[in-house]
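Engineer: Respectively, the protein sequence lines represent chains Y and V.
Position one of the first sequence corresponds to residue 1 (this note's numbering), numbered consecutively onward.
Position one of the second sequence corresponds to residue 1 (this note's numbering), numbered consecutively onward.
The beta carbon of each residue, even a glycine, is placed where N, CA and C say it ideally should be.
Number of protein chains: 2
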Amino acid sequence: MQAEIITIGDEILIGQILDSNSAFIAKALNKIGVSVYQITSVQDDKTHILKALAEAESNVDLVILTGGLGPTKDDITKKTIAHYFGDTLKEDGSVRKNIEQLWKNYINAPLMQVNIDQALVPSQAVVLMNKVGSAPGMWLEKNNTIFISLPGVPYEMKALISEEVIPKLRTRFKLPFIQHKTFLTYGMGESALAERIETFENELPSFIKLAYLPSLGRVRLRLSAKGMDRTLIETEMQKQTDALLPQIKDIFTGYEEDGSIEEIIGKYLTKMSKTVATAESCTGGLIASRFTANAGASKYFKGSVVCYTKEAKMQVLNIPESLIDAHSVVSKAVAEAMATSVLALLKTDFAIATTGNAGPTKDDTQEDLGIVYIAIASKNGVFSEKFSFGNARIKVINRAANKAFELLQKEILKK
Amino acid sequence: MQAEIITIGDEILIGQILDSNSAFIAKALNKIGVSVYQITSVQDDKTHILKALAEAESNVDLVILTGGLGPTKDDITKKTIAHYFGDTLKEDGSVRKNIEQLWKNYINAPLMQVNIDQALVPSQAVVLMNKVGSAPGMWLEKNNTIFISLPGVPYEMKALISEEVIPKLRTRFKLPFIQHKTFLTYGMGESALAERIETFENELPSFIKLAYLPSLGRVRLRLSAKGMDRTLIETEMQKQTDALLPQIKDIFTGYEEDGSIEEIIGKYLTKMSKTVATAESCTGGLIASRFTANAGASKYFKGSVVCYTKEAKMQVLNIPESLIDAHSVVSKAVAEAMATSVLALLKTDFAIATTGNAGPTKDDTQEDLGIVYIAIASKNGVFSEKFSFGNARIKVINRAANKAFELLQKEILKK
Chain Y
1 MQAEIITIGD
11 EILIGQILDS
21 NSAFIAKALN
31 KIGVSVYQIT
41 SVQDDKTHIL
51 KALAEAESNV
61 DLVILTGGLG
71 PTKDDITKKT
81 IAHYFGDTLK
91 EDGSVRKNIE
101 QLWKNYINAP
111 LMQVNIDQAL
121 VPSQAVVLMN
131 KVGSAPGMWL
141 EKNNTIFISL
151 PGVPYEMKAL
161 ISEEVIPKLR
171 TRFKLPFIQH
181 KTFLTYGMGE
191 SALAERIETF
201 ENELPSFIKL
211 AYLPSLGRVR
221 LRLSAKGMDR
231 TLIETEMQKQ
241 TDALLPQIKD
251 IFTGYEEDGS
261 IEEIIGKYLT
271 KMSKTVATAE
281 SCTGGLIASR
291 FTANAGASKY
301 FKGSVVCYTK
311 EAKMQVLNIP
321 ESLIDAHSVV
331 SKAVAEAMAT
341 SVLALLKTDF
351 AIATTGNAGP
361 TKDDTQEDLG
371 IVYIAIASKN
381 GVFSEKFSFG
391 NARIKVINRA
401 ANKAFELLQK
411 EILKK
Chain V
1 MQAEIITIGD
11 EILIGQILDS
21 NSAFIAKALN
31 KIGVSVYQIT
41 SVQDDKTHIL
51 KALAEAESNV
61 DLVILTGGLG
71 PTKDDITKKT
81 IAHYFGDTLK
91 EDGSVRKNIE
101 QLWKNYINAP
111 LMQVNIDQAL
121 VPSQAVVLMN
131 KVGSAPGMWL
141 EKNNTIFISL
151 PGVPYEMKAL
161 ISEEVIPKLR
171 TRFKLPFIQH
181 KTFLTYGMGE
191 SALAERIETF
201 ENELPSFIKL
211 AYLPSLGRVR
221 LRLSAKGMDR
231 TLIETEMQKQ
241 TDALLPQIKD
251 IFTGYEEDGS
261 IEEIIGKYLT
271 KMSKTVATAE
281 SCTGGLIASR
291 FTANAGASKY
301 FKGSVVCYTK
311 EAKMQVLNIP
321 ESLIDAHSVV
331 SKAVAEAMAT
341 SVLALLKTDF
351 AIATTGNAGP
361 TKDDTQEDLG
371 IVYIAIASKN
381 GVFSEKFSFG
391 NARIKVINRA
401 ANKAFELLQK
411 EILKK
């Protein structure tokens, strides 16, 4: 079964918003064995949407559309779908009831005609009830292709995908089994890695694909398999994993399917009943923010001191002014003092500290742009490393955070 | 002039990575008057790429491809382009020299044949030199359509777009003028807003489009105009802006083109020589991280205390245990004490504090899931508000951060 995702909205095509809906839908479809053949983003334009629908119908079995279902004039998806199906719009009683309930319970504004009109759907459509918003999902079929239209608001779309679309697809079709295993590696480039595992790659069975995904100091290696025989796939993927792992042992940090590196660290810490804190200068709270994005972070993450000025380092972390003046704020000595200080202040088992020049200017530091010191403190003491992360601010901040997690993970696993 | 962006890579179609390249390219093209007709993401598959190239050629004047130019086996873009053009690959001397330089200066690994092979390009291609990576950009033409192939690594792609592609397009074509103006509004729903400005919308000239972009408690209103007559567009956009602004004065917080709300706040604070700090519980460092993502943040952002546990609030911010016990950790009293405390600790002019239940569990707090208190402290005192942000963790955290910026901005503008 092949699918196409069509996202509708000028805001995507002028680069005003990032299309995160497609990635969510693609992931959800993939998990149940539906391959995504193509993702297409088109303008809020009737002719263009009609053309995209016709092309998708000729290529795939399932078309999922998002966007253009709002109550305002630029939202034309519903009318365009009705046109494509030679259908007319009629009010759906259950959707109208849902809208009236939403307004009664949550919305502090009068219910207007444009809102009531959101209960209009093509007469051939099966409604997928949107419990968290006023635009309903719709399921239509034509010449063996299924068309599903969903609102573009991410949490409404996500609820409909998880609660309506995926269960309905699973009930109706016998779907193949898809398995991905993504090996996170740090510290070796794509081509050196490819050379190292060349024999492994050449000997892979034809139904397993290997992909290299390089980004900011790491390469993710993804094995993907697909087929109707679940046992065969699972057995073979395990066999290939066992063959690959010893060859990349020195650079392997975990599986992406187990979550991001901070999630993996969170699981280790929870299991060990250990805690962590951060003292962040150049990363500005990003490490804390990535820890706390995960549910259950309060079990192992105690807090962070983001000290963006020299004074903050002195006032909150009690770093002596003389130390900062002697070594400069971006230095091994200051990074290590920050880590040791926050470890003691928040009484944790581990601490991360970062200090560096994210740019674009050097300000009053003595180091070059992109230089970052990362320190890890624990009850065994403190150590730090110096890195050079280039001269693009966001890249420096993100690479520093990635590297900090990597160093912390190594330190935790030492025990 | 119409463009299509084609991103190549299975990782996008299985939802493993978010396609942020397209948004960057779309924004850059839009700025110089090139409309993006469609964004298409396709698999690492020769037949599919060839089909996408042919379709794009029939629809647009400019095709920009990203991805699939790496040194490994799954990177097939270059060969596929050569096939599409009936061309062969030959080594480009300047690219080879660039690769050798990169390895000599930056890469701590031997230069391998797969790396040298990255100097192979279709013989018809004009090379766009990639100074920060080994995969060159390529510019080819066929039947009045320009095909530009760029590496998928974001910072390499960005450098090539900014330094090579955009200047070359500007030199070669007389491009129309495009202007967007996006009004950021908070606190009113899409349909109520649409009703309020209905007359304004109906009276817009045909070359100006209005779009509603709702997300997490705010609606962005975007006016877009396009045409060859720059003066006409600028005059008319100014006229419409002047007409719209008084109608949304109570909910307007700024223009998106001036940057994100945290950037706008940063500009105000810099101009006023004022400073800010944050004390974050449920937002976990996100507010600090958003402030510090912007260059120049050290001028106005002093730091943050991320206190994720009761102890951290007591130890770092000196919140009395009795106060926390009397009111519970998620309360007006604690939020205001956090804001006042961090204001004093970091000696700033303004402070933001957040405390709430991001979920998924309530833990030991007395408030419901999604309840967040946000406090703003300044030399005029402290105030706080209570919000209910739903029950999805990431949404609660992000809405809380957005709302905190909004409250701070209002407080700053009071003066």
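Suppose the cutoff is 7 Å on Cβ atoms and the five residues either side in sequence are ignored; what does the same chain contact list for residue 331/Y look like?
Structural biologist: Contacts found: 373.
Engineer: Against chain V, does residue 315/Y count as a neighbour if the rule is that its beta carbon must be under 8 Å from one of theirs?
Structural biologist: Yes, its Cβ sits closer than 8 Å to a Cβ of chain V.
Engineer: Since residue 71/V meets chain Y, which of its residues come closer than 7 Å, beta carbon to beta carbon?
Structural biologist: The answer, in chain order, is 190, 191, 194.
Engineer: Answer yes or no: does any C-beta atom of chain Y fall closer than 8 Å to that of residue 360/V?
Structural biologist: Yes, residue 360/V counts as interfacial toward chain Y.
Engineer: Under 7 Å from any heavy atom of the ligand ZN, does the C-beta of residue 302/V make it?
Structural biologist: The model on display carries no ligand, and the ligand ZN is accordingly not part of it.
Engineer: Between which residues of its own chain and residue 228/Y is the CB-CB distance below 6 Å, once the five residues before and five after are set aside?
Structural biologist: Hits under 6 Å: 176.
Engineer: Run through DSSP, which three-state label would residue 106/Y get?
Structural biologist: Note: residue 106/Y maps to coil in three-state DSSP.
Engineer: Please classify residue 157/Y: is it buried, with 16 or more other beta-carbons within 10 angstroms of its beta-carbon, or exposed?
Structural biologist: Buried: at least 16 other Cβ atoms inside 10 Å.
Engineer: Round the Cβ separation of residue 388/V and residue 370/V to the nearest angstrom and send it over; I've been treating them as touching at under 8 Å.
Structural biologist: Contact flag correct, Cβ pair sits at about 5 Å.
Engineer: Could you name the residues of chain Y that residue 30/V contacts, counting a contact when the two beta carbons are closer than 7 Å?
Structural biologist: Neighbours of residue 30/V on chain Y, chain order: 14, 15.
Engineer: Against chain V, which members of the region 380-397 of chain Y pass a CB distance test of less than 9 Å?
Structural biologist: Those would be 390, 392, 393, 394, 395, 397, in chain order.
Engineer: With 7 Å as the limit, tell me which residues of the region 273-285 of chain V have their beta carbon closer than that to any beta carbon of chain Y; keep them in chain order.
Structural biologist: Of all residues in the region 273-285 of chain V, 284, 285 have a Cβ within less than 7 Å of some Cβ in chain Y.
Engineer: Round the Cβ separation of residue 375/Y and residue 314/Y to the nearest angstrom and send it over; I've been treating them as touching at under 8 Å.
Structural biologist: Not confirmed; about 17 Å, so no contact.
Engineer: I'd like the span of the alpha helix (DSSP H) that includes residue 13/Y, first residue to last.
Structural biologist: Per DSSP, residue 13/Y belongs to the alpha helix (DSSP H) from 10-13.
Engineer: Just checking my contact of residue 190/Y with residue 145/V at CB under 8 Å: how many whole Å lie between their CB atoms?
Structural biologist: No, residue 190/Y and residue 145/V are not in contact; Cβ-Cβ is about 31 Å, not under 8 Å.
Engineer: Give the interface partners of residue 38/Y over in chain V, defined as CB-CB distance under 7 Å, in chain order.
Structural biologist: Result: 40, 41, 42.
Engineer: So, is the C-beta of residue 180/V closer than 8 Å to a C-beta in chain Y?
Structural biologist: At least one chain Y Cβ lies under 8 Å of residue 180/V.
Engineer: Counting pairs of beta carbons, one from the region 1-18 of chain V and one from the region 19-34 of chain Y, are three or more of them closer than 8 Å?
Structural biologist: Touching, yes.
Engineer: When you check each C-beta in the region 113-128 of chain V against every C-beta of chain Y, which residues fall closer than 7 Å?
Structural biologist: Residues passing the 7 Å Cβ filter: 114, 115.
Engineer: Less than 8 Å separating the beta-carbons of residue 275/V and residue 409/V?
Structural biologist: Their beta carbons are not under 8 Å apart, which means residue 275/V does not touch residue 409/V by this criterion.
Engineer: Leaving out five residues before and five after residue 19/V in sequence, what residues of the same chain have Cβ atoms less than 7 Å from its Cβ?
Structural biologist: Excluding sequence neighbours, residue 19/V sits near 7, 12, 41.
Engineer: By the 9 Å beta-carbon criterion, what residues does the region 287-307 of chain V contribute toward chain Y?
Structural biologist: So the close ones are 287, 288, 289, 290, 291, 292, 293, 294, 295, 296, 297, 298, 301, 302, 303, 304, 305, 306, 307.
Engineer: Quick one: which chain V residues come within Cβ less than 8 Å of residue 153/Y?
Structural biologist: Within 8 Å Cβ-Cβ: 214, 215.
Engineer: Keeping to the same chain, check which residues put their C-beta closer than 8 Å to that of residue 117/V; ignore five residues upstream and five downstream.
Structural biologist: Cβ neighbours of residue 117/V beyond the five flanking positions: 71.
Engineer: So, do the region 263-278 of chain Y and the region 235-249 of chain V have three or more beta carbon pairs nearer to each other than 8 Å?
Structural biologist: In short, these stretches do not touch, since the Cβ pair count stays below three.
Engineer: Just to confirm the assignment: which complete alpha helix (DSSP H) runs, minimum length 4, are found wholly within the region 161-192 of chain Y?
Structural biologist: If we require 4 residues or more, the alpha helix (DSSP H) runs fully inside the region 161-192 of chain Y come out as 166-172.
Engineer: Comparing the C-beta of residue 107/V with each C-beta of chain Y, is any distance below 8 Å?
Structural biologist: Yes, residue 107/V counts as interfacial toward chain Y.
Engineer: Please look up how many angstroms separate the CB atoms of residue 278/Y and residue 260/Y, rounded, as I've assumed it's under 8 Å.
Structural biologist: Residue 278/Y to residue 260/Y, Cβ: 16 Å. No contact.
Engineer: Following the continuous alpha helix (DSSP H) through residue 266/V, name the residue where it begins and the one where it ends.
Structural biologist: First-last of the alpha helix (DSSP H) with residue 266/V: 261-272.
Engineer: Could you spell out the range, first to last residue, of the beta strand (DSSP E) harbouring residue 138/Y?
Structural biologist: Where residue 138/Y is concerned, the enclosing beta strand (DSSP E) stretches over 137-142.
Engineer: At the 8 Å Cβ level, is residue 20/V part of the contact set with chain Y, yes or no?
Structural biologist: At least one chain Y Cβ lies under 8 Å of residue 20/V.
Engineer: From what residue to what residue does the beta strand (DSSP E) around residue 375/V run?
Structural biologist: Unbroken beta strand (DSSP E) run through residue 375/V: 371-378.
Engineer: From 244/Y, 242/Y, 292/Y, pick the residue whose C-alpha is nearest to that of residue 262/Y; which is it?
Structural biologist: Taking only the C-alpha atoms, the option nearest residue 262/Y is 292/Y.
Engineer: Between which two residues does the alpha helix (DSSP H) harbouring residue 302/V extend?
Structural biologist: Here residue 302/V belongs to no alpha helix (DSSP H); instead the beta strand (DSSP E) covers 301-307.
Engineer: Which of the three DSSP states, helix, strand or coil, is assigned to residue 126/Y?
Structural biologist: Residue state, collapsed to three classes: strand.
Engineer: For residue 155/Y and residue 394/Y, what's the separation of their Cα atoms in angstroms?
Structural biologist: Whole-angstrom Cα-Cα distance: 27 Å.
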